[in-house]
Amino acid sequence: MKDSKVFLQLEPKIKAKPGQFLTLKDLATVYCLDTSLQKKLQDIKIYRTPKKSKTVVVSVLDIIEKIKKNNSGVDIVVFGNPEILVDIGYSDIKGNITYYLRILAVCIVLFIGAGLTIINFHEDVDMESAHKNIYYLVTGEKNEKPYIIQIPYSIGIGLGMATFFNHIFRKRWKKEPSPLEVEMYLYNKNLDNYILDNEKGNKNNRR
């Protein structure tokens, strides 16, 4: 077969719908000097997602088996992870009212929890007395309600957190990710690795 060497760059993770047929182009980037062969391979059906599972793992061996079934003369070179994590989502979940109610409930709980944390911290360190002392040191006068210090301080807490997490403006003022984004990236990466190992273990137990 002319120019039968095929290069596959596997995706580490993809999203799919329940019952969807995944073709080779969904799972990997395909390159071949023979463009007609490349288009043919891209449309090969590799796997059909189950309707009840949330995640499945597609092995590179399953992909090679499907390709070799009708293209035995193809020489396959694979790059990337040996397994692909398929995240099976439900397309109508965002249209469900309970989805938005759960988001609202989480936001309320987080808002109350963060507020109580800040209040308890200020009570522990006696921030009110600190503001009074600062006002006295600067002006030489005693004031039981130094709003001129408390109001900017309160605004500064919010602006400081927004600056730290790099989310003041819609357009970022610096290119590097925020600490929260880094933590979320590491969390998602560890979660994906756990799911991959767990799914592989379940697959081996079923054999």
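Going by the UniProt record's numbering, 23 is the number at position 23 of the sequence shown; the sequence numbering is gapless.
In this text, a Cβ means the ideal position worked out from N, Cα and C, and glycines have one as well.
Straight-line gap, residue i to residue j (C-alpha atoms, nearest Å)
i      : j      : result
Val109 : Glu181 : 21 angstroms
Met1   : Val74  : Residue confidence is low: Met1 scores 49 on pLDDT, short of 50, so the model does not pin down where it sits. No coordinate-derived value is stated.
Leu27  : Ile63  : 9 angstroms
Pro18  : Ile88  : 6 angstroms
Ile112 : Leu104 : 12 angstroms
Leu116 : Gln38  : 59 angstroms
Asn188 : Met127 : 38 angstroms
Glu199 : Glu123 : 48 angstroms
Ser36  : Thr29  : 15 angstroms
Asp192 : Glu183 : 14 angstroms
Leu10  : Pro50  : 21 angstroms
Leu186 : Pro12  : 15 angstroms
Ala162 : Val106 : 20 angstroms
Ala114 : Glu65  : 53 angstroms
Pair within 8 angstroms by beta-carbon distance, residue i and residue j
i      : j      : result
Pro152 : Tyr135 : no
Val78  : Leu33  : no
Leu101 : Asn71  : no
Phe165 : Ser178 : yes
Outcome for residue i when other beta-carbon atoms lying within 10 angstroms are tallied against a minimum of 16
i      : result
Leu159 : exposed
Ala130 : exposed
Phe16  : Phe is not the amino acid found at residue 16; the sequence shown has Ala there. Per the 10 Å Cβ criterion, buried.
Ile119 : exposed
Leu196 : buried
Ile97  : exposed
Ile157 : exposed
Ile148 : exposed
Val6   : buried
Host beta strand (DSSP E) of residue i (start-end)
i     : result
Ile88 : Glu83 to Ile88
Val58 : Thr55 to Ser59
Lys45 : Lys45 to Arg48
Asp75 : Asp75 to Phe79
Lys25 : Where Lys25 is concerned, there is no enclosing beta strand (DSSP E), although the alpha helix (DSSP H) it sits in stretches over Leu24 to Leu27.
Host alpha helix (DSSP H) of residue i (start-end)
i      : result
Asp124 : Ile97 to Val125
Gln9   : Looking at the DSSP string, Gln9 is not in any alpha helix (DSSP H); the run it does join, the beta strand (DSSP E), is Lys5 to Leu10.
Phe165 : Per DSSP, Phe165 belongs to no alpha helix (DSSP H) and is neither H nor E.
Lys39  : Thr35 to Gln42
### Message
With three or more beta-carbon pairs closer than 8 angstroms as the criterion, would you say the stretch 81 to 90 touches the stretch 51 to 59?
### Response
yes
### Task
Say whether the stretch 44 to 54 touches the stretch 18 to 27, bearing in mind that this needs 3 or more beta-carbon pairs closer than 8 angstroms, one atom from each stretch.
The stretch 44 to 54 makes contact with the stretch 18 to 27, as at least three CB pairs between them are under 8 angstroms.
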